[in-house]
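Shown next, in structure tokens, is the structure this report addresses.
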Amino acid sequence: VFSDDGTTPAALYYELYDTTDESAPYSLVSVELYYDFGAETGAQNITFTGENYADCGYCLLIYADCAADGSSCDKTYLAQSGTLDITANGGMTGNFAGSLSDVTLTEVTVDDEDFTSTPVAGGKTWCLPSLSFDQTIEPGE
14 VFSDDGTTPA ALYYELYDTT DESAPYSLVS VELYYDFGAE TGAQNITFTG
64 ENYADCGYCL LIYADCAADG SSCDKTYLAQ SGTLDITANG GMTGNFAGSL
114 SDVTLTEVTV DDEDFTSTPV AGGKTWCLPS LSFDQTIEPG E
């Protein structure tokens, strides 16, 4: 996603779909970098420390129990601890590569207007021991 000038990156999204077959429900792991909130291109080592989705520069979410058509997911989890190690991030071109380790995510709701995330009372947690990724960046709008 590009900023208003159309040449510099505003955000980078990496999404990994996880399903045991071709049908719903599925889960979606989403690594999101928001440059206006402090994310940078290049290699980075990020420790999640309880960020709120409204203002995180480096965000990790898992959307669970998603409909086959992608219209909705029953649950959203936001990383509260763990590490994101980015080994390559070209911003608008090149590769986006790295790994996640020892991540714990908490079930949250996200406000549709200001994107504030709020932990769900009695909600669940999702533990992600490790995950590696390496993908070519494909610029979007």
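Under the working numbering, think of the first position of the sequence shown as 14, with each following residue one higher.
Heads up, the beta-carbon is just placed ideally off N, CA and C, and yes, glycines get one too.
Between the beta-carbon of Ile150 and the beta-carbon of Thr106, is there less than 7 Å? The answer is yes: Cβ separation under 7 Å.
Own chain partners of Ser112 with C-beta closer than 6 Å, once the 5 adjacent residues on each side are dropped: Taken in chain order, the residues that qualify are Asp98, Ser145.
By DSSP's criteria, Lys88 is part of a beta bridge. Which residues make up the other side? For Lys88, which the question treats as bridged, DSSP gives the partners Ala77.
Please tell me whether, using a cut-off of 6 Å, the distance from the CB of Thr149 to the nearest non-hydrogen atom of the ligand GDP is below it. In the structure on display, the ligand GDP does not appear, and there are no ligands present to speak of.
Rounding to the nearest angstrom, what Cα-Cα distance links Phe109 and Asp147 in this structure? Approximately 6 Å between the Cα atoms of the pair.
Expressed to the nearest angstrom, what Euclidean distance is found between the alpha-carbon atoms of Asn102 and Asp78? Taking C-alpha positions only, Asn102 is separated from Asp78 by approximately 29 Å.
Counterpart residues of Asp147 in DSSP-defined beta bridges: In the DSSP output, where bridge partners are listed per residue, Asp147 has Ala110.
Here's the rule I'm using: 16 or more other beta-carbon atoms within 10 Å means buried, otherwise exposed. How should Ser85 be labelled? So Ser85 counts as exposed.
Spatial neighbours of Leu25 within its chain, please: C-beta separation below 6 Å, excluding the five flanking residues on both sides. In its chain, beyond the 5 residues on either side, Leu46 have a beta carbon closer than 6 Å to the beta carbon of Leu25.
Would Lys88 pass as an interface residue toward chain B - the criterion being a Cβ-Cβ separation below 7 Å? In the structure shown, chain B does not exist; there is a single protein chain.
DSSP state of Tyr66, grouped into three classes? Coil.
Please classify Phe50: does DSSP put it in a helix, a strand, or coil? When secondary structure is reduced to three states using DSSP, Phe50 falls in the helix class.
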